[in-house]
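Note sheet for the following structure.
Numbering (this note's numbering), first residue to last: 11 to 207.
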């Protein structure tokens, strides 16, 4: 990934840009040595230098205290910039804003759709940014299906803090998305799904 660092006084900000080829997701990580930096992002055509993001106007943001993370999918970014109409790429305009005096490091990289393996009875915790995602995999052995083809695998998603996570399960496929799934759940807070297994 590409890293930039700096020091900002309270309420000061600095801009960065990052070009993104069409079809790629992006992982932005803003860490701090001290203070509280925040992250604001606009997605624009590659030839544009505006509109610049701000606290008041932005496409995406992360303003937690401490470490800020944004995971942006190609589909999310395409809502603001269609790479097919701009030579196959778009650009992120990034503002690092110092809520307090801060020293920071910003890293931008193309997102890897890493898949976390799950075990029976295992609980896994994950922090996901607004409109971000995490992938998990649970393998069902062939002998179990042979012994009981009507058996179900039960998944439970529990919200441990703020926000509203959603759960999508796709049987026999490594990646589930909001547009391609077998067992959708769209309830708030605690979510459950059963899948054949």
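Think of the CB as a built atom: it goes at the ideal place given N, C-alpha and C, for glycine as much as any other residue.
query = By a C-beta neighbour count over all protein chains shown, 10 Å radius and 16 as the cutoff for buried, is residue 162 buried or exposed?
reply = In the chain shown, residue 162 corresponds to position 152, counting from 1. Exposed.
inquiry  = Quick check: the Cα distance between residue 59 and residue 47, rounded to an integer number of angstroms?
reply    = As a first step, residue 59 is located in the chain shown; it is residue number 49 there, counting from the start. As a first step, residue 47 is located in the chain shown; it is residue number 37 there, counting from the start. In a straight line, the C-alpha of residue 59 is about 22 Å away from that of residue 47.
request  = Give every residue of the same chain whose Cβ lies closer than 6 Å to the Cβ of residue 120, excluding the five residues on either side of it in the sequence, and list them in chain order.
outcome  = Looking up residue 120 in the chain shown gives position 110. Same-chain partners within the cutoff: 34.
query = Under a Cβ-count criterion, where at least 16 other Cβ atoms within 10 Å of its own Cβ denotes burial, should residue 112 be classed as buried or exposed?
reply = Within the chain shown, the letter at position 102 stands for residue 112. Result: buried.
ask   = CA-CA distance, residue 75 and residue 160?
value = Translated into the one-based positions of the chain shown, residue 75 becomes position 65. Translated into the one-based positions of the chain shown, residue 160 becomes position 150. Taking the straight line joining both Cα atoms gives about 47 Å.
key: Contacting residues, own chain, Cβ-Cβ under 6 Å from residue 28 (five flanking each side not counted)   = The sequence position of residue 28 within the chain shown is 18, counting from 1. 102 and 118, listed in sequence order.
message = Less than 8 Å between the beta carbons of residue 126 and residue 18, yes or no?
response = In the chain shown, residue 126 corresponds to position 116, counting from 1. In the chain shown, residue 18 corresponds to position 8, counting from 1. No. Outside cutoff.
task = Can you check DSSP and say which residues form a bridge with residue 86?
result = Here residue 86 corresponds to residue number 76 of the chain shown, with the count starting at 1. None, per the DSSP bridge assignment.
inquiry  = So, for residue 65: in the same chain, excluding its five sequence neighbours on each side, which residues have a beta-carbon less than 7 Å away from its beta-carbon?
reply    = Taking the chain shown and counting its residues from 1, the one referred to as residue 65 is at position 55. 50 and 107.
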